[in-house]
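Colleague: Handing you this structure, nothing more for now.
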Amino acid sequence: MPRTEFISTGYYVPERVVTNLELEDYMDTSDDWIRKRSGIEERRWCKEGQGGSDMAKVATERALEKAGMEADEIDCIVVATISPDYFFPGTGVFLQRKLGLSEIPCFDLRNQCSGFLYALQVADAFIRLGQYRRILLVGTEIHSTGLQVNDVGRDTAVLFGDGAGVAILGPTDDEERGVLAVRTHADGNFAEKLWAPAPACIKNPFISHQDIDDMLVRPFMTGKEVFRHAVTRMPEAIHEVLDEAGLTLDQIDMVIPHQANLRISEMVQRRLGLSDDKIYNNIMRYGNTTAASIPIALSEAVDEGKIERGDLVAFTAFGSGFTWGGALVRW
Ligand code: COA
């Protein structure tokens with residue numbers, strides 16, 4: 510069975526930079542509060558009419574160019590997002606159309622901040638089984654249109670941002686390289702600790718004026734509990750994939766954690782005993798972009814030469830669900 514290799518990566522973030530100072534104009538918050546609690550300095554917000562599929566298209570074009578590939582070499586699309594362009598169909602088919610592709614399958618996964626790792630696990634299985642040879646793996650999120658940018662929603666509105674990251678995956682016969690392990694987990698007992706209660710098909714109608722008046726169409730989060738679980742599960746997930754691959758912490762060259770909060774990343778770093786050059790963070794510039802955060806950070810780290818062929822790279826994520834996971838890749 511072949512292994513799955515990362516052929517190329519790409520990312521796109523909207524041009525509009527929204528600083529913490531700008532947020533002070535919309536709600537009772539401060540640059541100091543946001544920086545101290547989350548490390549975030551600014552984030553990107555899309556423009557009117559721009560969808561997750563538009564951002565993913567640009568990210569894909571960048572990845573294709575880096576790989577010297579044409580779009581029609583892609584034979585499957587797997588998209589992770591909790592902010593689809595429309596309620597249905599999923600973002601995958603819009604991306605497929607915008608890339609000028611037709612009839613290749615488009616999978617849409619959710620799984621929130623762990624979405625990219627869940628999607629990687631699916632794509633890795635497809636490739637190892639020989640079902641597809643060039644999978645476009647996508648994490649894309651537009652949060653700016655779903656946040657309550659006011660005092661009511663300030664606890665989450667300051668944390669999230671927009672962006673897209675992609676990876677093109679394919680089989681390799683090189684036994685030393687590729688995806689070595691991917692593990693995902695979930696615990697639905699904590700579903701309401703970070704969730705959006707509307708729109709909701711469990712209710713009839715699934716969206717009402719009352720929902721909007723009550724500002725239910727936004728993320729609700731029990732921040733401290735999310736924090737506590739994240740800093741436990743993320744290091745645990747890295748140990749799990751290391752054990753599966755028969756490798757040890759000191760062999761890791763780079764950890765790309767989901768960018769939830771710089772304080773979470775710092776605690777994960779401390780718990781794993783990693784030096785500063787072995788963990789990559791960019792939440793300061795983009796905020797939390799949910800399923801897009803790992804592929805954006807990965808793509809940046811590769812572009813900056815911080816990940817090179819042969820390096821051992823670990824991913825870890827935690828988010829709503831609760832869901833979490835880890836992956837290990839010999840680059
Ligand atoms: N600006 C200013 N004050 C704010 C604020 C904001 N944007 N949002 C909340 N506050 C206030 C609260 O109302 C509270 O005020 P009070 O003490 O008068 O009641 C105070 O700040 C402290 O709130 P609290 O929620 O206890 O802060 P915290 O220290 O737990 O930090 C988070 C909040 C969200 C930064 C932190 O809990 C966190 O990072 N959690 C994990 C979040 C995360 O990563 N989510 C995504 C996971 S994928």
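Going letter by letter, the sequence shown gives residues 510 to 840 in my numbering. Note that beta-carbon positions come from the ideal geometry of N, C-alpha and C, so glycine has one too.
Is it right to say T528 is buried, meaning 16 or more other beta carbons lie within 10 angstroms of its own, or is it exposed?
Modeller: Exposed is the call here.
Colleague: Helix, strand or coil: how does DSSP classify A576 here?
Modeller: In this structure, A576 counts as helix in the three-state DSSP scheme.
Colleague: Restricting to runs no shorter than 4 residues, where is the alpha helix (DSSP H) found entirely within the region 637 to 692?
Modeller: Runs found: 663 to 666.
Colleague: Are the CB atoms of T665 and P728 nearer to each other than 8 Å?
Modeller: The answer is yes: Cβ separation under 8 Å.
Colleague: How long is the line joining the alpha carbons of E561 and L668, rounded to whole angstroms?
Modeller: In the sequence as presented, Glu is not what sits at residue 561; that position holds Gly. Their backbone Cα atoms lie some 18 Å apart in a straight line.
Colleague: Between G732 and E579, what straight-line distance do the alpha-carbon atoms span, to the nearest angstrom?
Modeller: Those two C-alpha atoms are separated by around 43 Å.
Colleague: State the Cα-Cα distance for the pair D786 and T741, rounded to the nearest angstrom.
Modeller: Each residue's alpha carbon lies about 22 Å from the other.
Colleague: How many angstroms separate the CA atom of A801 from the CA atom of N713?
Modeller: The alpha-carbon atoms of A801 and N713 are separated by roughly 32 Å.
Colleague: Counting pairs of Cβ atoms below 8 Å between the region 579 to 595 and the region 628 to 635, do you hit three or more?
Modeller: Touching, yes, given that three or more Cβ pairs across the two stretches are closer than 8 Å.
Colleague: Candidates L781, I651 and A700: which alpha carbon is nearest G558's?
Modeller: Comparing Cα positions, the closest option is I651.
Colleague: Hey, quick one: how far does the beta strand (DSSP E) through E514 stretch, first residue to last?
Modeller: That run of the beta strand (DSSP E) goes R512 to Y521.
Colleague: Does any heavy atom of ligand 1 sit closer than 7 Å to the C-beta of M730?
Modeller: Flag set: Cβ of M730 near ligand 1.
Colleague: Which runs of the beta strand (DSSP E), 3 residues or longer, sit entirely within the region 756 to 827?
Modeller: The qualifying runs are 763 to 766.
Colleague: Counting Cβ pairs, one atom from each stretch, are 3 or more of them under 8 Å apart for the region 630 to 643 and the region 533 to 541?
Modeller: No, because fewer than three Cβ pairs between the region 630 to 643 and the region 533 to 541 fall closer than 8 Å, the two stretches do not touch.
Colleague: Which one of C555, P593 and D812 has the shortest CA to CA distance from N620?
Modeller: Nearest of C555, P593 and D812 to N620, Cα basis: P593.
Colleague: Quick one, are the C-beta atoms of R839 and L678 less than 8 Å apart?
Modeller: No, they are not a contact pair.
Colleague: Report yes if the CB atom of V691 is closer than 8 Å to the CB atom of I765, and no otherwise.
Modeller: Cβ distance not < 8 Å, so V691 and I765 don't count as in contact.
Colleague: Starting from the C-beta of M510, find all residues in its chain whose C-beta is less than 7 Å away, skip the five residues before and the five after it, and write them out in chain order.
Modeller: These residues qualify, in order along the chain: R637.
Colleague: At the level of alpha carbons, what is the spacing between I803 and F824?
Modeller: So the two alpha carbons sit approximately 7 Å from each other.
Colleague: Indicate the three-state DSSP secondary structure (helix, strand or coil) for I543 in the structure shown.
Modeller: Looking at I543 - three-state DSSP - the assignment turns out to be helix.
Colleague: Between the Cα of G830 and those of T693, Q605, E582 and S784, spot the shortest distance and give me the residue it belongs to.
Modeller: It is T693 whose Cα lies nearest to the Cα of G830.
Colleague: Nearest CA to the CA of K545: which residue from L781, E701, G834 and L771?
Modeller: Closest by alpha carbon: L771.
Colleague: Could you tell me which residues DSSP puts in a beta bridge with R553?
Modeller: Note: R553 sits in a beta bridge opposite V526.
Colleague: Do you know whose CA, among S517, K556, A632 and L837, lies nearest D752's CA?
Modeller: The candidate whose alpha carbon is nearest that of D752 is L837.
Colleague: Using only the heavy atoms of ligand 1, determine whether one of them is closer than 7 Å to the beta carbon of W542.
Modeller: Correct: W542 has its Cβ closer than 7 Å to ligand 1.
Colleague: Any heavy atom of ligand 1 closer than 7 Å to the CB of A769?
Modeller: Because some heavy atom of ligand 1 lies under 7 Å away, the Cβ of A769 counts as near it: yes.
Colleague: Quick one: is L532 buried, meaning 16 or more other Cβ sit within 10 Å of its Cβ, or exposed?
Modeller: Looking at its Cβ environment, which holds 16 or more other Cβ atoms inside 10 Å, L532 is buried.
Colleague: Residue range of the alpha helix (DSSP H) that D720 falls in?
Modeller: Unbroken alpha helix (DSSP H) run through D720: H718 to D722.
Colleague: My assumption, with CB atoms under 8 Å, is that A826 sits in contact with H738. Please give the rounded CB distance.
Modeller: Rounded, the Cβ-Cβ distance is 12 Å, inconsistent with contact.
Colleague: Can you tell me the Cα-Cα spacing of M564 and G782, whole angstroms?
Modeller: Going from the Cα of M564 to the Cα of G782 covers about 35 Å.
Colleague: Answer yes or no: do V726 and L703 have a C-beta to C-beta separation smaller than 8 Å?
Modeller: Contact flag unset, no.
Colleague: Under the DSSP definition of a beta bridge, which residues are partnered with A695?
Modeller: Beta-bridge pairing links A695 to T832.
Colleague: Could you check what DSSP says for A589 in three-state terms: helix, strand or coil?
Modeller: A589: strand per DSSP, three-state reduction.
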